[in-house]
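Have a look at the structure below before the remarks.
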Amino acid sequence: MTFSELTGVVSAVLAAIPLLWLAFQYILQKRQEQKNRRFETYHALIKELVEGEDSKGPLFLDRQLAVVFELRRFVEYYEPSLRILRGAA
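The working numbering puts the last residue of the sequence shown at 93; the count rises by one with no breaks.
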């Protein structure tokens with residue numbers, strides 16, 4: 005490999021590093037945004053389970069069952085969900 009070929013390879017690698025870093029940062033940011041959305045959705049479901057859609061109105065069993073069914077999608081919150089459903093929150 006000649007010096008000019010080596011220089012071309014090194015230049016390409018050095019040019020790719022910032023692009024890879026930006027891609028990595030973008031992926032981390034999107035993961036954090038997704039985690040925050042799941043957190044907000046989970047807490048909205050818990051609030052709806054406990055208070056209902058209107059905190060002044062009655063709780064409807066069918067709506068509560070639907071919320072409990074949706075909670076199964078949040079496996080990362082299994083332990084707190086179980087405590088809430090058992091009433092030992």
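Using N, Cα and C, we set each Cβ at its ideal position, and we do this for glycine too. Computed from a prediction, not measured in an experiment: that's the story for all the values here.
Buried or exposed by the 16-neighbour rule on C-beta atoms within 10 Å, applied to residue i
| i | result |
| --- | --- |
| LEU86 | exposed |
| ALA93 | Residue confidence for ALA93 is low, a pLDDT of 48 falling below 50, so the modelled location carries little weight; the figure read from the coordinates is stated next. Classification of ALA93: exposed, given that the 10 Å Cβ count is below 16. |
Option nearest residue i by Cα separation, candidates the options
| i | options | result |
| --- | --- | --- |
| ARG76 | GLU55, LEU49, PHE7, LYS39 | LEU49 |
| GLU80 | LYS51, LEU65, LYS39 | LYS39 |
Proximity below 8 Å, CB of residue i to CB of residue j
| i | j | result |
| --- | --- | --- |
| PHE78 | TYR46 | yes |
| GLY56 | ARG67 | yes |
| VAL71 | LEU89 | no |
Span of the alpha helix (DSSP H), counted from its first residue to its last, around residue i
| i | result |
| --- | --- |
| GLU55 | 7-55 |
| VAL72 | 65-75 |
| TYR82 | 82-90 |
Residue i at chain C interface by Cβ criterion, 8 Å
| i | result |
| --- | --- |
| LYS51 | Absent here is chain C; the protein component of the structure consists of one chain. |
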